[in-house]
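**Student:** The structure is given below, and queries will be raised subsequently.
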Amino acid sequence: MDAKGNPYTRTFRIEVESFTVTDASHNAPVSGNWSLQDDNFDVKFGLKNDPLPGVSSVSATITVFAQEFKNGVWIEALKKDGTPIRQSKTVMFTTGPRPDSILKQMVYDSWPLDGQKNVLLGEDRTGRLQGAFQYLFNVPGTYLVRMMPLDGGSPIEIPCAFDQGRGGIVFPLPALASGSRYAFQVIRRTDATMIKSSFLTKPISSAVFSSTLSSTQSVKSALPAAATGGVTSSGGQTTPGLSFITRTLPGTEIKSNEKLLYVYYYRTSKFNTLADKVQQLGFKKTDYTKYWSTHELLVGNYSTQEDFDDYEMYNYATRDINGFGVTHLPLIVVTAHVPGEKWFTQFAWPRVYSHIQGMKFAGLWPEELEDKFFLLLGLVNFETTAMFQNTSGGKLHVSGFMPLNVGRGGAALALGAGSGPVDIQVKYLHGTTVPGDFLTLWFKSHMIMLGYSRGDCDDDGTQLYGKAGWVEQNSDWLQYFTSMDINGAAKAYVPMYQGAYKVNFIYGPKFSWAQSGPWIKKDLWYGQSPMQSVVGTVVKQASVSSFLPARTTINSPVSLFTTTVKVIH
13 MDAKGNPYTR TFRIEVESFT VTDASHNAPV SGNWSLQDDN FDVKFGLKND
63 PLPGVSSVSA TITVFAQEFK NGVWIEALKK DGTPIRQSKT VMFTTGPRPD
113 SILKQMVYDS WPLDGQKNVL LGEDRTGRLQ GAFQYLFNVP GTYLVRMMPL
163 DGGSPIEIPC AFDQGRGGIV FPLPALASGS RYAFQVIRRT DATMIKSSFL
213 TKPISSAVFS STLSSTQSVK SALPAAATGG VTSSGGQTTP GLSFITRTLP
263 GTEIKSNEKL LYVYYYRTSK FNTLADKVQQ LGFKKTDYTK YWSTHELLVG
313 NYSTQEDFDD YEMYNYATRD INGFGVTHLP LIVVTAHVPG EKWFTQFAWP
363 RVYSHIQGMK FAGLWPEELE DKFFLLLGLV NFETTAMFQN TSGGKLHVSG
413 FMPLNVGRGG AALALGAGSG PVDIQVKYLH GTTVPGDFLT LWFKSHMIML
463 GYSRGDCDDD GTQLYGKAGW VEQNSDWLQY FTSMDINGAA KAYVPMYQGA
513 YKVNFIYGPK FSWAQSGPWI KKDLWYGQSP MQSVVGTVVK QASVSSFLPA
563 RTTINSPVSL FTTTVKVIH
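Taken in order, the sequence shown gives residues 13 to 581; the numbers are from our numbering.
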């Protein structure tokens, strides 16, 4: 009720003011960030650094306040005594021990990437593993990264330490074999005495399989006892003729005085740099499709000695040093940003985009472009007119060894061969995007001339006040477009010329639209490659004006005529 006793409705809402987490055992705040979830009900606290302290009392305090909707805005709600409506609540809980190894959810980023199939060693020589696990490096011991080869060769060890400023382990990548699989191990080494196996009568001095990643069972040996080390002890019983078979992930072997903190797998590329990889791409053919009206599509087919994996072809996500999500470009970006090609210089620019640019400068073109490249004028733009057509080769998956006889020693090398020759397909999108802009130009010309004839503005709201001079200066080509119906516009469109079109590859972390950047170019042939033959003759409609220079004056509508041209594809 208001002061006069009349009923009225008041609207309130609850907002979160703060959410803090404190290590109560040491009276120290826990670094992190809170966020209200999409349901506007749950609040989550994300740790910025290490996990919560182990075996400690922790308090979590949330403070909320009320707001009231008045005069069209939300303001702080007050009690009758004029104080804010605010409430806090604290809960206490006790943590268990911290993990004594790096969990996957602790890792923000790495290089090489987890499961990467084609690491181009010449592109990035800095290895890293970043995440919230600094506390593990406070335990006394020596820390190292070990690159464990899975296809033969000697392990490579690199001393490491946690770099707080860079949020993890950072080190120079060593020389690695090309086209080979490796386990990326993070090791803590101590001076502890050799650990004896509970199964074998003598200590394993060379390697001990990590107990968390392997299982061991007794089976009857197919070999004489002498070949397996003779008498073997199992469960307190001595039984001749038994050996032990272990099923374990490769690359998890560690020495007896070591702790395996983390392991993941990757494979080096057969090639050192992207330029090396693209250079060996062999052009095979171009698939040409005119799938409707003026829209065309070219798909180039290339043969390669190595596939492209998920990281190379698709966006992928990591987290930064603060734990916030980061989306990365694919490691290999394919584009067709080549404004110097003949079809662009002789048709797409003078007959389409020069007119669109003029309309934009005059404030008469508010629409989005189908092909956003042709009005760049040197500005940064993240559109593309080419893309991979086929699916990727996925990620590297390393499964456990087939059963191996420990007594015989050694490990089978046949863990699966690398990929052989495959085909990749690249869509060249110019022929699908430029026609859309061409027909939009036709439509806009109609609207401008209609508005001009009425003296104010056109039906879609394009303002013409103060722009009559521009319309008069460009009346020739505006009248030309206006003179055509939709079929005439389709006939006036010039199909893509036959010839070589450039497809560009660039290494994602070095991505730049600058023409001077590290672009590696490959030809996509349409019609004139000696590898392709004449497959038929089609009739295409053309307008005389389509072949005129950009500044050619057309004083009257041009009659259309039909020419028969041979299309080779």
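Glycine included, C-beta positions come from ideal geometry on N, C-alpha and C.
Out of Phe24, Val350, Phe450, Gln49, state which residue places its alpha-carbon closest to the alpha-carbon of Thr306.
**Tutor:** Along the sequence shown, read from residue 1 onward, the residue named residue 306 stands at position 294. Comparing Cα positions, the closest option is Phe450.
**Student:** Quick one: using the 10 Å Cβ neighbour count with 16 as the cut-off for buried, is Leu48 buried or exposed?
**Tutor:** Reading the sequence shown from its first residue, position 36 is the one you call residue 48. A residue is called buried once 16 or more other Cβ atoms fall within 10 Å of its Cβ, and Leu48, having fewer, is exposed.
**Student:** Please list the terminal residues of the continuous alpha helix (DSSP H) segment that includes Arg466.
**Tutor:** By 1-based counting over the sequence shown, the position of residue 466 is 454. Counted as a single uninterrupted DSSP element, the alpha helix (DSSP H) harbouring Arg466 occupies residues 442 to 466.
**Student:** For Val275 and Phe196, which I take to be in contact (beta-carbon distance under 8 Å), what is that distance rounded to the nearest angstrom?
**Tutor:** Stepping through the sequence shown from its first residue, residue 275 is reached at position 263. Stepping through the sequence shown from its first residue, residue 196 is reached at position 184. With a Cβ gap of about 7 Å, Val275 and Phe196 count as contacting.
**Student:** Taking the CB atoms as reference points, tell me whether Val446 and Asp535 lie closer together than 8 Å.
**Tutor:** Numbered from its first residue, the sequence shown carries residue 446 at position 434. Numbered from its first residue, the sequence shown carries residue 535 at position 523. Cβ atoms of Val446 and Asp535: not closer than 8 Å.
**Student:** What runs of the beta strand (DSSP E), each 3 residues or longer, lie entirely inside the segment 303 to 358?
**Tutor:** Inside the segment 303 to 358, DSSP marks whole beta strand (DSSP E) runs of 3 or more residues at positions 307 to 316, 328 to 331, 337 to 340, 344 to 347, from first to last along the chain.
**Student:** Can you find the residues in the same chain that come closer than 6 Å, C-beta to C-beta, to Lys533, ignoring five residues on each side of it along the sequence?
**Tutor:** By one-based count along the sequence shown, residue 533 stands at place 521. In its chain, beyond the 5 residues on either side, Lys514, Asn516 have a beta carbon closer than 6 Å to the beta carbon of Lys533.
**Student:** For a quick check, are the C-beta atoms of Pro161 and Ala189 less than 8 Å apart?
**Tutor:** The residue you call residue 161 lines up with position 149 of the sequence shown. The residue you call residue 189 lines up with position 177 of the sequence shown. Taking 8 Å as the Cβ cut-off, Pro161 and Ala189 qualify as a contacting pair.
**Student:** In angstroms, rounded to a whole number, what distance separates the CA positions of Thr32 and Gln79?
**Tutor:** The count along the sequence shown starts at 1 and reaches residue 32 at position 20. The count along the sequence shown starts at 1 and reaches residue 79 at position 67. When rounded, the distance between both Cα atoms is 21 Å.
**Student:** Mind the definition here: the segment 91 to 102 touches the segment 482 to 496 only if three or more C-beta pairs lie below 8 Å; say whether that holds.
**Tutor:** no
**Student:** According to the Cβ coordinates, are Leu64 and Val70 closer than 8 Å?
**Tutor:** The residue labelled residue 64 in the question sits at position 52 within the sequence shown. The residue labelled residue 70 in the question sits at position 58 within the sequence shown. For Leu64 and Val70, yes; Cβs fall inside 8 Å.
**Student:** State buried or exposed for Arg193, treating a residue as buried only when at least 16 other CB atoms are found within 10 Å of its CB.
**Tutor:** The residue you call residue 193 lines up with position 181 of the sequence shown. Buried, since its Cβ has 16 or more Cβ neighbours within 10 Å.
**Student:** Rounded to a whole number of angstroms, what is the C-alpha to C-alpha distance between Thr347 and Thr357?
**Tutor:** Stepping through the sequence shown from its first residue, residue 347 is reached at position 335. Stepping through the sequence shown from its first residue, residue 357 is reached at position 345. So the two alpha carbons sit approximately 18 Å from each other.
**Student:** With three or more C-beta pairs closer than 8 Å as the rule, is the segment 320 to 329 touching the segment 128 to 140?
**Tutor:** yes
**Student:** Jot down the residue ranges of each uninterrupted alpha helix (DSSP H) in the segment 266 to 309, minimum 4 residues, whole runs only, in chain order.
**Tutor:** Listed in chain order, they are 286 to 291.
**Student:** Helix, strand or coil for Ser487 per DSSP?
**Tutor:** As a first step, residue 487 is located in the sequence shown; it is residue number 475 there, counting from the start. Helix at Ser487.
**Student:** How many Å lie between Pro507 and Gly529 at the Cα?
**Tutor:** Sequence index remark: in the sequence shown, residue 507 carries index 495 (1-based). Sequence index remark: in the sequence shown, residue 529 carries index 517 (1-based). Roughly 30 Å between the two C-alpha positions.
**Student:** Whole-angstrom Cβ separation of Leu310 and Gly443, contact assumed at under 8 Å?
**Tutor:** Residue 310 sits at position 298 when you count from the first residue of the sequence shown. Residue 443 sits at position 431 when you count from the first residue of the sequence shown. About 6 Å separates the two Cβ atoms, so the contact holds.
**Student:** For His409, is the classification buried or exposed, using 16 other Cβ atoms within 10 angstroms of its Cβ as the cut-off for buried?
**Tutor:** Within the sequence shown, the letter at position 397 stands for residue 409. Burial call: exposed.
**Student:** Where does the unbroken beta strand (DSSP E) through Gly500 begin, and where does it stop?
**Tutor:** The residue given as residue 500 occupies position 488 in the sequence shown. For Gly500, there is no enclosing beta strand (DSSP E); the enclosing alpha helix (DSSP H) covers residues 498 to 504.
**Student:** List in chain order: all unbroken beta strand (DSSP E) runs of 3+ residues lying wholly within the segment 61 to 116.
**Tutor:** 69 to 82, 85 to 88, 98 to 106
**Student:** Looking at Thr494: is its Cβ nearer than 8 Å to the Cβ of Leu441?
**Tutor:** By 1-based counting over the sequence shown, the position of residue 494 is 482. By 1-based counting over the sequence shown, the position of residue 441 is 429. Not in contact: Thr494 and Leu441 (Cβ atoms no closer than 8 Å).
**Student:** Please classify Ser411: is it buried, with 16 or more other beta-carbons within 10 angstroms of its beta-carbon, or exposed?
**Tutor:** Here residue 411 refers to the residue found at position 399 when the sequence shown is read from its first residue. Residue burial annotation: Ser411 is exposed, with fewer than 16 other C-beta atoms found within 10 angstroms of its C-beta.
**Student:** Do you know offhand how far Trp537's Cα is from Leu490's?
**Tutor:** Working through the sequence shown from its first residue, we reach residue 537 at position 525. Working through the sequence shown from its first residue, we reach residue 490 at position 478. Their backbone Cα atoms lie some 35 Å apart in a straight line.
**Student:** Buried or exposed, going by whether 16 or more other CB atoms sit within 10 Å of the CB of Arg22?
**Tutor:** Residue mapping note: residue 22 aligns to position 10 of the sequence shown, counting from 1. Exposed, because fewer than 16 other Cβ atoms sit within 10 Å of the Cβ of Arg22.
**Student:** For Thr494, which of helix, strand or coil comes out of DSSP?
**Tutor:** As a working note, residue 494 is residue 482 in the sequence shown. Correct three-state label for Thr494: helix.
**Student:** Taking the CB atoms as reference points, tell me whether Thr138 and Val198 lie closer together than 8 Å.
**Tutor:** Here residue 138 refers to the residue found at position 126 when the sequence shown is read from its first residue. Here residue 198 refers to the residue found at position 186 when the sequence shown is read from its first residue. Not a contact, by the Cβ cut-off of 8 Å.
**Student:** Which one of Ile368, Tyr505, Pro521, Phe53 has the shortest CA to CA distance from Ser457?
**Tutor:** Looking up residue 457 in the sequence shown gives position 445. Ranking Ile368, Tyr505, Pro521, Phe53 by Cα distance to Ser457 puts Ile368 first.
**Student:** Can you tell me which of the three DSSP states Pro561 falls into?
**Tutor:** The count along the sequence shown starts at 1 and reaches residue 561 at position 549. Low per-residue confidence applies at Pro561: pLDDT is 34, beneath 50, and the placement is therefore not dependable enough to give any value.
**Student:** How far does the beta strand (DSSP E) with Phe373 in it reach, from first residue to last?
**Tutor:** If you number the sequence shown from 1, residue 373 lands on position 361. In the DSSP assignment, Phe373 falls outside any beta strand (DSSP E) and lies within the alpha helix (DSSP H) extending over 366 to 373.
**Student:** Where does Lys232 fall in DSSP's three states?
**Tutor:** Translated into the one-based positions of the sequence shown, residue 232 becomes position 220. With a pLDDT of only 32 at Lys232, under 50, the local geometry of the prediction cannot be trusted, and the value read off the model is given with reservation. Strand.
**Student:** Are the Cβ atoms of Val434 and Thr316 separated by less than 8 Å?
**Tutor:** Counting from 1 along the sequence shown, the entry for residue 434 is found at position 422. Counting from 1 along the sequence shown, the entry for residue 316 is found at position 304. A contact, by the Cβ cut-off of 8 Å.
**Student:** Out of curiosity, what's the CA-to-CA distance linking Tyr505 and Glu380?
**Tutor:** The residue you call residue 505 lines up with position 493 of the sequence shown. The residue you call residue 380 lines up with position 368 of the sequence shown. A direct Cα-Cα distance of roughly 20 Å separates Tyr505 from Glu380.
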